[in-house]
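Here numbering that gives the first Met the number 0 is used: position 616 in the sequence shown is 615, and no number is missing along the way.
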Amino acid sequence: MSWGTELWDQFDNLEKHTQWGIDVLEKYIKFVKERTEIELSYAKQLRNLSKKYQPKKNSKEEEEYRYTSTKAFLATLNEMNDYAGQHEVISENMTSLITGELTRYVQELKQERKSHFHDGRKAQQHIETCWKQLEASKRRFERDCKEADRAQQYFEKMDADINVTKADVEKARQQAQLRHQMAEDSKAEYSSTLQKFNSEQHDHYYTHIPNIFQKIQEMEERRIVRIGESMKTFAEVDRQVIPIIGKCLDEITKAAESVDHKSDSQMVIEAFKSGFEPPGDIDFEDFTQPMKRTISESSLSNSRGDGKSEPKFGSKSKGKLWPFIKKNKLMSLLTSPHQPPPPPPASASPSAVPNGPQSPKQQKEPLSHRFNEFMTSKPKIHCFRSLKRGGAGPEDFSNLPPEQRRKKLQQKVDELNKDIQKEMDQRDALTKMKDVYIKNPQMGDAASVDHRLAELGQNIEKLRLEVQKFEGWLAEVEGRLPSRNEQARRQSGLYEAQNTSAVNSCAQDRESSPDGSYTEEQSQETEMKVPATDFDDEFDDEEPLPTIGTCKALYTFEGQNEGTISVAEGEMLYVIEEDKGDGWTRIRRNEDEEGYVPTSYVEVYLDKNAKGAMTYI
Numbered sequence: 000m001s002w003g004t005e006l007w008d009q010f011d012n013l014e015k016h017t018q019w020g021i022d023v024l025e026k027y028i029k030f031v032k033e034r035t036e037i038e039l040s041y042a043k044q045l046r047n048l049s050k051k052y053q054p055k056k057n058s059k060e061e062e063e064y065r066y067t068s069t070k071a072f073l074a075t076l077n078e079m080n081d082y083a084g085q086h087e088v089i090s091e092n093m094t095s096l097i098t099g100e101l102t103r104y105v106q107e108l109k110q111e112r113k114s115h116f117h118d119g120r121k122a123q124q125h126i127e128t129c130w131k132q133l134e135a136s137k138r139r140f141e142r143d144c145k146e147a148d149r150a151q152q153y154f155e156k157m158d159a160d161i162n163v164t165k166a167d168v169e170k171a172r173q174q175a176q177l178r179h180q181m182a183e184d185s186k187a188e189y190s191s192t193l194q195k196f197n198s199e200q201h202d203h204y205y206t207h208i209p210n211i212f213q214k215i216q217e218m219e220e221r222r223i224v225r226i227g228e229s230m231k232t233f234a235e236v237d238r239q240v241i242p243i244i245g246k247c248l249d250e251i252t253k254a255a256e257s258v259d260h261k262s263d264s265q266m267v268i269e270a271f272k273s274g275f276e277p278p279g280d281i282d283f284e285d286f287t288q289p290m291k292r293t294i295s296e297s298s299l300s301n302s303r304g305d306g307k308s309e310p311k312f313g314s315k316s317k318g319k320l321w322p323f324i325k326k327n328k329l330m331s332l333l334t335s336p337h338q339p340p341p342p343p344p345a346s347a348s349p350s351a352v353p354n355g356p357q358s359p360k361q362q363k364e365p366l367s368h369r370f371n372e373f374m375t376s377k378p379k380i381h382c383f384r385s386l387k388r389g390g391a392g393p394e395d396f397s398n399l400p401p402e403q404r405r406k407k408l409q410q411k412v413d414e415l416n417k418d419i420q421k422e423m424d425q426r427d428a429l430t431k432m433k434d435v436y437i438k439n440p441q442m443g444d445a446a447s448v449d450h451r452l453a454e455l456g457q458n459i460e461k462l463r464l465e466v467q468k469f470e471g472w473l474a475e476v477e478g479r480l481p482s483r484n485e486q487a488r489r490q491s492g493l494y495e496a497q498n499t500s501a502v503n504s505c506a507q508d509r510e511s512s513p514d515g516s517y518t519e520e521q522s523q524e525t526e527m528k529v530p531a532t533d534f535d536d537e538f539d540d541e542e543p544l545p546t547i548g549t550c551k552a553l554y555t556f557e558g559q560n561e562g563t564i565s566v567a568e569g570e571m572l573y574v575i576e577e578d579k580g581d582g583w584t585r586i587r588r589n590e591d592e593e594g595y596v597p598t599s600y601v602e603v604y605l606d607k608n609a610k611g612a613m614t615y616i
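Here it is as structure tokens:
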């Protein structure tokens, strides 16, 4: 099977076919090139995706990646980064092994094809030239034969005519002989040219053209083989990275299998455990007997000073409230200030209503609903007030619950110990260097390191003092944290009696508001095991909330619910907390008596230093 013998007369079709083959090769090159661009784009998108979800350094997100599930997610992100790298390898290998090689081969193929078809055209032009020579020789031979025949006829005519002179007859005879000679010469030339053409034609169709077409066939077959090898390489490039991609997927699977829900649950406990005891039972309130309650900070302080406890929240129930919760907080959640305030009286004068506007009376929500709402409310730690004002938290972490404070202190002690070890390593290295300088003075001056050694000694001493300070705080916290035996003992009446007075004093120093928020004072979490008197003394020193303005009572209001305060018409009081949109304003009568009143019952005058004058009518 040879193109030279089978396709000897298909020069033009072969030229078109070989050009089509080159076009196919260039199309495949373009396909591979676009595939490499897709791989690069995909790898870039994967890297950006992995980077997008990586935790930011020195941020809260970085702390969240200590759980096994988030660690597995982080491992997945890292493996996806390596996964993207393999797609980059695919792109690079396809570019170098396929696109680059085929591009160079196409250029060589075009040159070779051009050379072969140039030789074919040259052979065709040569055979066409030989054919033209043969045709010219043939026409000349034909013309000479015709002229010789006419000359012979003319001679015979002259010879037969008796009127023609002998000289004219001789002349005609010579002319006929000359034409016959020319015809013979033309015949010989035509015969020679014909033989030469037949030889050239034979060589053209059986030697030159077959050789040229054979070369073109070989060129085309090499092109076909090359594109097949490129397709095979295309698959091999992908197959080479499959083991590495498989390892990436195996690592992701391994990370997923390392997720431990029990460990994560324990970490949540370690992260958020406060060390406090849950609140105890709430005493039954008997509303069958008429009673009038006026709850204020004054009444709370008086009851605490007299050593008496209210029947509704006294005795055991007080001892089981969370120490970091203000009493008013729980009161406001379980009583009416949590509901909308009453509207102002309809008449212009309060005297039109004999007993004045009544405290809001709506059906109480179930205690379970109140308590659940209380449990889900987000605490506001009172000591963070300094942070809002631009300050920093206390150095001893006393603003945190006991368990969290212990962890922070332990972490600080570990960090300081690491710093001490680092400083000691530097001191040891400098000491060895000094010894070398003493033994070999030519290597350096031993006195040059004395200053640095002194600095390191001072730094170590400072760090040790810091460690002692934090260890003291840590020992204090660990001494106050309840042990397992103490947790069982906390159910006894002795512990409840001690904790009752502690909560009573703590209640004075806790802020509450009708919106359910509360704040927590610094150092309160360390008072769990301190006697009630020490607990009270610490919170008695708390600075009261500053006044932000004054107000005048427009109507008489009898505060019959927890967290409210009774006011008389025309009475002037201090405003310590604005209406937050729930219809209640917090006011203070004196240092020990404060509570909430309906905003519509008072006319508020805010100080200019606070938020500007504002009046509620």
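Positions of the beta carbon are idealized from the N, C-alpha and C atoms, including for glycine. These figures come from a predicted structure and were not determined experimentally.
(message) Please state the DSSP three-state secondary structure of residue 442.
(response) Locating residue 442 in the sequence shown gives position 443, counting from the first residue. Reduced to three states, the DSSP call for residue 442 is helix.
(request) Please report the residue range of the beta strand (DSSP E) in which residue 597 lies. (result) Start at 1 with the first residue of the sequence shown, and residue 597 comes out as number 598. Unbroken beta strand (DSSP E) run through residue 597: 592-597.
(message) Quick check on the DSSP output: the beta strand (DSSP E) that includes residue 605 runs from which residue to which?
(response) Taking the sequence shown and counting its residues from 1, the one referred to as residue 605 is at position 606. Taken as a continuous stretch (DSSP letters only), the beta strand (DSSP E) holding residue 605 covers 601-605.
(message) Spatial neighbours of residue 565 within its chain, please: C-beta separation below 7 Å, excluding the five flanking residues on both sides.
(response) Translated into positions along the sequence shown, residue 565 becomes position 566. 293, 556, 557, 558.
(message) Here's the rule I'm using: 16 or more other beta-carbon atoms within 10 Å means buried, otherwise exposed. How should residue 599 be labelled?
(response) Translated into positions along the sequence shown, residue 599 becomes position 600. By the neighbour-count rule (16 or more Cβ atoms within 10 Å), residue 599 is buried.
(message) Taking 8 Å as the threshold (C-beta atoms), are residue 592 and residue 585 in contact?
(response) Here residue 585 refers to the residue found at position 586 when the sequence shown is read from its first residue. Here residue 592 refers to the residue found at position 593 when the sequence shown is read from its first residue. No, Cβ-Cβ distance for residue 585 and residue 592 is not below 8 Å.
(message) Classify residue 162: buried if its beta carbon has 16 or more other beta carbons within 10 angstroms, exposed otherwise.
(response) As a first step, residue 162 is located in the sequence shown; it is residue number 163 there, counting from the start. Exposed, by the Cβ-count rule.
(request) List the residues that DSSP assigns as beta-bridge partners of residue 585. (result) Residue mapping note: residue 585 aligns to position 586 of the sequence shown, counting from 1. Residue 585 is bridged to 576, 595.
(message) Just to confirm the assignment, what range does the alpha helix (DSSP H) spanning residue 55 have?
(response) Translated into positions along the sequence shown, residue 55 becomes position 56. That residue, residue 55, is in no alpha helix (DSSP H); it is neither H nor E in DSSP.
(message) At the level of alpha carbons, what is the spacing between residue 106 and residue 38?
(response) To locate residue 106, count along the sequence shown from 1; it is residue 107. To locate residue 38, count along the sequence shown from 1; it is residue 39. Each residue's Cα considered, the two are about 26 Å apart.
(request) Report yes if the C-beta distance between residue 154 and residue 171 is below 8 Å; otherwise report no. (result) Position 155 of the sequence shown, counted from the start, is the residue given in the question as residue 154. Position 172 of the sequence shown, counted from the start, is the residue given in the question as residue 171. It is a contact, given that the beta carbons lie within the stated cut-off.
(request) Could you name the residues that DSSP lists as bridge partners for residue 624? (result) Look at the range of the chain in this structure, 0 to 616, and you will see that residue 624 is not part of it.
(request) Please report how far the alpha carbon of residue 49 lies from the alpha carbon of residue 92, in whole angstroms. (result) Position 50 of the sequence shown holds residue 49. Position 93 of the sequence shown holds residue 92. When rounded, the distance between both Cα atoms is 24 Å.
(message) So, does the region 143-153 touch the region 217-226, judging by three or more C-beta pairs under 8 Å?
(response) no
(request) Specify whether the region 3-14 and the region 205-212 touch according to this definition: at least 3 beta carbon pairs, one from each stretch, less than 8 Å apart. (result) yes
(message) Using 8 Å as the threshold, is the C-beta distance between residue 403 and residue 262 below it?
(response) Indexing the sequence shown from 1 puts residue 403 at position 404. Indexing the sequence shown from 1 puts residue 262 at position 263. Against a cut-off of 8 Å, the Cβ pair of residue 262 and residue 403 comes out as no contact.
(request) Say whether the region 55-73 touches the region 121-137, bearing in mind that this needs 3 or more beta-carbon pairs closer than 8 Å, one atom from each stretch. (result) no
(message) Give me the residue from 441, 169, 420 with the minimum Cα distance to residue 456.
(response) Indexing the sequence shown from 1 puts residue 456 at position 457. The shortest Cα separation from residue 456 among 441, 169, 420 belongs to 420.
(message) My output table needs one value for residue 571: the three-state DSSP class, helix, strand or coil.
(response) Taking the sequence shown and counting its residues from 1, one reaches residue 571 at position 572. Residue state, collapsed to three classes: strand.
(request) May I ask which residues mark the beginning and end of the alpha helix (DSSP H) holding residue 75? (result) Position 76 of the sequence shown holds residue 75. Segment 67-93, the alpha helix (DSSP H) holding residue 75.
(request) Enumerate in chain order the residues of its own chain whose CB-to-CB distance from residue 606 is below 7 Å, with the five nearest sequence positions on each side excluded. (result) As a position in the sequence shown, residue 606 is number 607, starting the count at 1. Once the five neighbours on either side are set aside, the close Cβ partners of residue 606 are 547, 548.
(request) With DSSP collapsed to three states, give me the class of residue 4. (result) Here residue 4 refers to the residue found at position 5 of the sequence shown. Here residue 4 sits in helix by DSSP.
(request) Might you give, ordered along the chain, the residues of its own chain that have their beta carbon closer than 7 Å to the beta carbon of residue 80, omitting 5 neighbours on each side? (result) Taking the sequence shown and counting its residues from 1, the one referred to as residue 80 is at position 81. Counting only Cβ-Cβ distances below 7 Å, and skipping sequence neighbours, we find 46, 49.
(message) Does the distance between the C-beta of residue 47 and the nearest non-hydrogen atom of the ligand ATP fall short of 7 Å?
(response) Because no ligand of any kind appears in the structure shown, any question about the ligand ATP cannot be addressed here.
(request) State the start and end residues of the unbroken alpha helix (DSSP H) segment that holds residue 281. (result) Indexing the sequence shown from 1 puts residue 281 at position 282. No alpha helix (DSSP H) contains residue 281, which DSSP labels as neither H nor E.
(message) For residue 7 and residue 189, which I take to be in contact (beta-carbon distance under 8 Å), what is that distance rounded to the nearest angstrom?
(response) The sequence position of residue 7 within the sequence shown is 8, counting from 1. The sequence position of residue 189 within the sequence shown is 190, counting from 1. That belief does not hold up - the Cβ atoms of residue 7 and residue 189 are roughly 27 Å apart, past 8 Å.
(request) Evaluate the contact criterion for the region 114-121 versus the region 274-282: three or more CB pairs, one atom per stretch, below 8 Å. (result) no
(request) Report buried or exposed for residue 474, applying the criterion of at least 16 other Cβ atoms within 10 angstroms of its Cβ. (result) Taking the first residue of the sequence shown as position 1, residue 474 is located at position 475. The residue in question, residue 474, is exposed, as its Cβ has fewer than 16 Cβ neighbours within 10 Å.
(request) Please classify residue 456: does DSSP put it in a helix, a strand, or coil? (result) If you number the sequence shown from 1, residue 456 lands on position 457. Residue state, collapsed to three classes: helix.
(request) Note down the Cα distance separating residue 433 from residue 415, rounded to an integer number of angstroms. (result) Taking the sequence shown and counting its residues from 1, the one referred to as residue 433 is at position 434. Taking the sequence shown and counting its residues from 1, the one referred to as residue 415 is at position 416. Straight-line Cα distance between these residues: approximately 27 Å.
(request) Excluding the 5 residues preceding and the 5 following residue 133 in the sequence, name in chain order all residues of the same chain whose CB lies nearer than 7 Å to its CB. (result) For this step, residue 133 is matched to residue 134 along the sequence shown. Excluding positions up to five away in sequence, the list reads 192, 193, 196.
(request) Starting from the Cα of residue 245, find the closest Cα among 156, 198, 85 and give me that residue. (result) Reading the sequence shown from its first residue, position 246 is the one you call residue 245. Nearest option by C-alpha distance: 85.
(request) Take residue 150 and list the residues in its own chain whose beta-carbon comes closer than 7 Å to its own, dropping the five residues that flank it on each side. (result) Along the sequence shown, one-based indexing puts residue 150 at 151. Correct list, in chain order: 174, 175, 178.
(request) Kindly indicate which residue of 452, 410, 444, 446 has the alpha-carbon position closest to the one of residue 429. (result) On the sequence shown, residue 429 is found 430 positions in, with the first residue counted as 1. For the residues 452, 410, 444, 446, the minimum Cα distance to residue 429 belongs to 452.
(request) Just confirm the distance between the C-beta atoms of residue 28 and residue 98, as a whole number of angstroms; I'd bet it's less than 8 Å. (result) Residue 28 sits at position 29 when you count from the first residue of the sequence shown. Residue 98 sits at position 99 when you count from the first residue of the sequence shown. Residue 28 to residue 98, Cβ: 6 Å. Contact.
(request) Tell me where the alpha helix (DSSP H) around residue 630 begins and ends. (result) Examination of residue 630 is not possible in this model, given that the chain is present from 0 through 616 alone.
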